[in-house]
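Each residue of the sequence shown is one higher than the last, beginning at 1 in full-length UniProt numbering.
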Amino acid sequence: MNKLDAVLDDLAAESAQLDGWVAGLTPDQWGTVTTPEGWTVAHQVAHLHWTDVTSTYAISDKEAFDALIVAALENPEGYVDEATDELAQEPPESLLPAWRQGRTNLVEALQSVPEGNRIPWFGPPMSPVSMATARLMETWAHGHDVAEALDISVPRTDRAKHVCHIGVRTFGFTHQVRGEEVPAVEVRVELTAPSGELWTWGPEDAAERVIGDGWDFALLATRRRHRSDVDVTATGPAADHWLDIVQAFAGLPGNDPKPLADR
């Protein structure tokens, strides 16, 4: 199995898990609020669906994707939320199958990209593996929002490694999006997977280090948990500051998550 297919398998599993949580909900339950900003279950699914469709356009429909870029440039802070809100008004009986079909279309599009080609995006172009990993990260994060709102216990799986990987790779972006200079240091990251495996990034002899629980780091990197609520620690000033701002997703960081005790 190649790397893309391996990531797509994990993306399919993460998507199916969320699908199973929402498929049997009543229309009223689809209106359950999942975030402090007021996003409902429908918004969460709508956002994932919109991004899947947009990703497919980026691969196979240049005209449609270019139009989305223009619209986003005209309203950079509100475009995605407005598109999500519009889709969230669709009844569940049409939104759910549309999301399912969009997932299928995206997989087929990603598998069609010639080796070595990169896919245009709102930021730097991405490889098919990077785009699939980003879709998994978003599905994982928004799935957590839905599960917590519905009081569902999320199974701890090693699929969180993909989320951690993006969290580590976006070290520079995390600073840049906040207008900060990127520290000229290397950070060693050592995280324990749910399975007990050790996940590592960075040079073994780096003075700056982050260690802890991989699942918790994924929650921190998707800004689903406050730093005080995760088992992740830092050594060194740059690593310590990074844990305050770590961000695995593109775009503005949004509001800082509150400690669980204050929610």
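Glycine included, each C-beta is placed from N, C-alpha and C at the ideal position.
Span separating the alpha-carbon of residue i from that of residue j
i    : j    : result
D158 : L48  : 21 Å
L11  : L110 : 12 Å
Q89  : A234 : 43 Å
A238 : E181 : 11 Å
T200 : N2   : 21 Å
G20  : P76  : 33 Å
A147 : V154 : 7 Å
W99  : P203 : 40 Å
D151 : R263 : 15 Å
A64  : Y57  : 6 Å
E208 : Q101 : 44 Å
E37  : H175 : 24 Å
L25  : G236 : 47 Å
H165 : F217 : 10 Å
W242 : E82  : 30 Å
E197 : A16  : 24 Å
I211 : D205 : 14 Å
Per DSSP, the bridge partner or partners of residue i
i    : result
E208 : V187
I119 : M126
D213 : T192
L198 : T192
A234 : V210
T51  : Its beta-bridge partners do not exist; DSSP assigns none.
Cutoff 8 Å; reference residue i; Cβ partners in own chain excluding five residues on either side
i    : result
A23  : L96
N105 : D52, V53 and T56
V129 : K3, L4 and V7
Nonlocal neighbours in the same chain, by C-beta distance under 7 Å from residue i, ignoring five residues either side
i    : result
Q44  : T34, H142, D145 and V146
D229 : P259 and L260
Buried or exposed (CB count within 10 angstroms, at least 16 for buried), residue i
i           : result
G172        : exposed
V232        : buried
residue 284 : Outside the displayed span of the chain (1 to 263) sits residue 284, for which this structure offers no information.
E14         : buried
Exercise. How do the segment 242-251 and the segment 222-231 stand: do at least 3 beta-carbon pairs fall below 8 Å, yes or no?
Worked result: yes
For this session: Mind the definition here: the segment 187-199 touches the segment 128-139 only if three or more C-beta pairs lie below 8 Å; say whether that holds.
Result: no
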